[in-house]
Amino acid sequence: MTDSNIVDMSLTAGPEIVAIPGPSIIPERVLGAMHRAMPDIYAGDLTEVIDEVFDALPAIAGTTSRAFVPIGNGHAGWEMAIANTLSRGDRVLVLDCGRFAGLWGEMAEFNGLRVDTITAEWGSSVNPAAVEAHLRADTAHDIAAVLTVHVDTATSVRNDIPAIRAAIDAAGHPALFMVDCIASMGCERFEMDAWGVDVTVAASQKGMMVPPGLALVWAGDRARQAHTTADLRTRYWDWTYRTEDGPYYLRFCGTPPVSHLFGMREALRMIAEEGLDARWQRHERLADAVRAAVTAWSTPGGLGFVARDAAHRSHSVTSITTGDIDAAEVMRICRESLGVTLGLGIGAADGASFRIGHMGHVSAATVLAVLGAIETALHRMDAPMGASGVGAATALLAGS
């Protein structure tokens, strides 16, 4: 077989690996749980499933607060959070370390809120000192809420949520603190109550291992108090009608998302079986392997990290700059020839980066397969590499 035939050969037969940062790989157990006929939505098995899901969700976010579970994606969770706690004309402070907190701010502005924004340098986390200074300057306490993300899926930067909470407290400011954990929930340590977060937003399709379709919103005591005077409330999002005291279907403002609830119960059982601490440790170790690979590959004109500070790199997703290497071609070879789909780079690095999602139902074998595909593509392109990333990742994992 000639070299040209080898280059043109597709090796994609077999299971595809989708390594985008959400929707993530769905476990067979979850898929099996979802594959069922529609039940009675007023009594029987579904009501037991709903109770089990709602009982398990507080621990996932590190809170005693019950969750609201609207049908929708993460953006739906954003809107539920602001609609239930704020009033038209309120001012909010958005802390943006990539793309998604900024989008949340755009939604807030669209809904009639006034928006201040602190924007971190691309690839960097939000500076808590800048947050404190901005809030100290708000002597009238006009700012009603601070909005940010735990992990930004575009940059793979992790914000220091306890440090931001400390900055809010140091400023003596009463603003609600709302955190988007869509890219981190179930993957990275997050402790809503201990960290002083008032509203936490997540979604089903990333670390929670369920297909897109459910938002998850946990509201603390201060948020529920703010709810009593909020005038952005609309009938669908309103927490008032989603209590656990009435009929089960009212928790969803209508027909429950039956299949997703069966899937979520199974996913929560899997998380409980592994243990949340063990799960966080697994994600950190697999992220370390990815980071070891990128560090080994790195060379002038080659691959590197979007997230600049190693201490603020996410354990659920890694965004990789490609320098002089054609990011689209790396992704094409991985997908069309090797059966691995990488995440498209977005934001300021659009067109010159790609992303690896390592969240939820992933193992060392999955991560090594993804890294092997990338390294194969780099070899095929004769791209600059410092050393073998696969070798660095396996050496790290061997030390586990």
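Residue 2 is where the sequence shown starts when you use the numbering used here, and the numbers rise one by one after that.
Think of the CB as a built atom: it goes at the ideal place given N, C-alpha and C, for glycine as much as any other residue.
Note that the structure is predicted; figures quoted are calculated from it, not measured.
Any chain B beta carbon closer than 7 Å to residue i
{"i": "residue 167", "result": "Chain labels in this structure do not include chain B; a single protein chain is all it has."}
Backbone secondary structure at residue i - three-state DSSP
{"i": "residue 219", "result": "strand"}
{"i": "residue 199", "result": "coil"}
{"i": "residue 204", "result": "strand"}
{"i": "residue 310", "result": "coil"}
{"i": "residue 184", "result": "coil"}
{"i": "residue 44", "result": "coil"}
{"i": "residue 392", "result": "helix"}
{"i": "residue 103", "result": "helix"}
{"i": "residue 230", "result": "coil"}
{"i": "residue 383", "result": "coil"}
{"i": "residue 76", "result": "helix"}
{"i": "residue 292", "result": "helix"}
{"i": "residue 60", "result": "helix"}
{"i": "residue 191", "result": "coil"}
{"i": "residue 163", "result": "helix"}
{"i": "residue 30", "result": "helix"}
{"i": "residue 266", "result": "helix"}
{"i": "residue 348", "result": "helix"}
{"i": "residue 325", "result": "coil"}
{"i": "residue 430", "result": "The requested residue 430 is not part of the displayed model; the chain covers only 2 to 401."}
Residue i classed as buried or exposed, judged by whether at least 16 other C-beta atoms fall within 10 angstroms
{"i": "residue 11", "result": "exposed"}
{"i": "residue 111", "result": "exposed"}
{"i": "residue 166", "result": "buried"}
{"i": "residue 97", "result": "buried"}
{"i": "residue 149", "result": "buried"}
{"i": "residue 33", "result": "exposed"}
{"i": "residue 364", "result": "exposed"}
{"i": "residue 255", "result": "exposed"}
{"i": "residue 201", "result": "buried"}
{"i": "residue 140", "result": "exposed"}
{"i": "residue 156", "result": "buried"}
{"i": "residue 337", "result": "exposed"}
{"i": "residue 248", "result": "exposed"}
{"i": "residue 81", "result": "buried"}
{"i": "residue 1", "result": "Since the first residue shown for the chain is 2 and the last is 401, residue 1 is missing from the structure and cannot be characterised."}
{"i": "residue 245", "result": "exposed"}
{"i": "residue 137", "result": "exposed"}
Nearest-angstrom Cα separation, counted from residue j out to residue i
{"i": "residue 105", "j": "residue 94", "result": "11 Å"}
{"i": "residue 379", "j": "residue 398", "result": "22 Å"}
{"i": "residue 226", "j": "residue 169", "result": "19 Å"}
{"i": "residue 207", "j": "residue 318", "result": "10 Å"}
{"i": "residue 44", "j": "residue 209", "result": "26 Å"}
{"i": "residue 396", "j": "residue 306", "result": "20 Å"}
{"i": "residue 274", "j": "residue 280", "result": "10 Å"}
{"i": "residue 369", "j": "residue 152", "result": "23 Å"}
{"i": "residue 16", "j": "residue 342", "result": "12 Å"}
{"i": "residue 377", "j": "residue 391", "result": "10 Å"}
{"i": "residue 173", "j": "residue 194", "result": "19 Å"}
{"i": "residue 132", "j": "residue 192", "result": "20 Å"}
{"i": "residue 257", "j": "residue 204", "result": "16 Å"}
{"i": "residue 289", "j": "residue 394", "result": "8 Å"}
{"i": "residue 2", "j": "residue 326", "result": "Since pLDDT at residue 2 reaches only 45, below the 50 mark, its modelled position is unreliable, and no value is offered."}
{"i": "residue 31", "j": "residue 263", "result": "8 Å"}
{"i": "residue 22", "j": "residue 178", "result": "25 Å"}
{"i": "residue 24", "j": "residue 344", "result": "10 Å"}
{"i": "residue 259", "j": "residue 212", "result": "13 Å"}
{"i": "residue 70", "j": "residue 29", "result": "23 Å"}
Per DSSP, cross-strand counterpart(s) of residue i
{"i": "residue 235", "result": "Beta-bridge pairing links residue 235 to no other residue."}
{"i": "residue 357", "result": "319"}
{"i": "residue 179", "result": "148, 200"}
{"i": "residue 68", "result": "219"}
{"i": "residue 304", "result": "Answer is none; residue 304 lacks a bridge partner."}
{"i": "residue 120", "result": "97"}
{"i": "residue 92", "result": "115, 144"}
{"i": "residue 19", "result": "342"}
{"i": "residue 137", "result": "According to DSSP, which records beta bridges pairwise, residue 137 is partnered with nothing at all."}
{"i": "residue 158", "result": "314"}
Proximity below 7 Å, CB of residue i to CB of residue j
{"i": "residue 252", "j": "residue 243", "result": "yes"}
{"i": "residue 231", "j": "residue 66", "result": "no"}
{"i": "residue 387", "j": "residue 300", "result": "yes"}
{"i": "residue 89", "j": "residue 144", "result": "no"}
{"i": "residue 362", "j": "residue 316", "result": "no"}
{"i": "residue 272", "j": "residue 295", "result": "no"}
{"i": "residue 162", "j": "residue 180", "result": "yes"}
{"i": "residue 68", "j": "residue 217", "result": "yes"}
{"i": "residue 374", "j": "residue 339", "result": "yes"}
{"i": "residue 160", "j": "residue 127", "result": "yes"}
{"i": "residue 171", "j": "residue 199", "result": "no"}
{"i": "residue 371", "j": "residue 14", "result": "no"}
{"i": "residue 50", "j": "residue 99", "result": "no"}
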